[in-house]
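Worksheet: one structure, shown below.
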Amino acid sequence: MSDLEQDQLLERFIALARTDDDLRDEIKSALNQDEVISIAERHGFAVDSLAILRKWSQHTDFSKPTWMGWFDE
2 MSDLEQDQLL ERFIALARTD DDLRDEIKSA LNQDEVISIA ERHGFAVDSL AILRKWSQHT
62 DFSKPTWMGW FDE
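See below:
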């Protein structure tokens with residue numbers, strides 16, 4: 002799968018998490034990216050760690066407590 006496809010898959014997973022409170026809470030309680038990848042896989046998203054790293058590097062406000070800045074809270 003190309004980087005672009007991985008990035009799009011991750012964006013779809015994040016969009017789902019933004020509409021699903023239980024999923025969002027599960028992601029926010031994850032201790033590391035491996036747990037997030039596992040959560041994504043359980044929901045049918047085969048996301049790799051490089052896609053998460055690329056998304057993380059786009060996020061500049063690291064003072065927010067939400068996972069990788071995915072959620073505006």
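When the letters of the sequence shown are read in order and numbered with our numbering, they come out as residues 2 to 74.
Ideal Cβ positions, reconstructed from N, Cα and C, are used throughout, including at glycine.
Item	Value
Beta-carbon proximity of H44 to L5, cut-off 8 Å	no
Beta-carbon gap between D49 and Q7 smaller than 8 Å	yes
Outcome for A47 when other beta-carbon atoms lying within 10 angstroms are tallied against a minimum of 16	exposed
Own chain residues within Cβ distance below 6 Å of A31, not counting five before or after	V37
Contact set for A53: own chain, Cβ-Cβ below 6 Å, skip 5 residues either direction	Per the sequence shown, the amino acid found at residue 53 is Ile instead of Ala. Hits under 6 Å: Q34.
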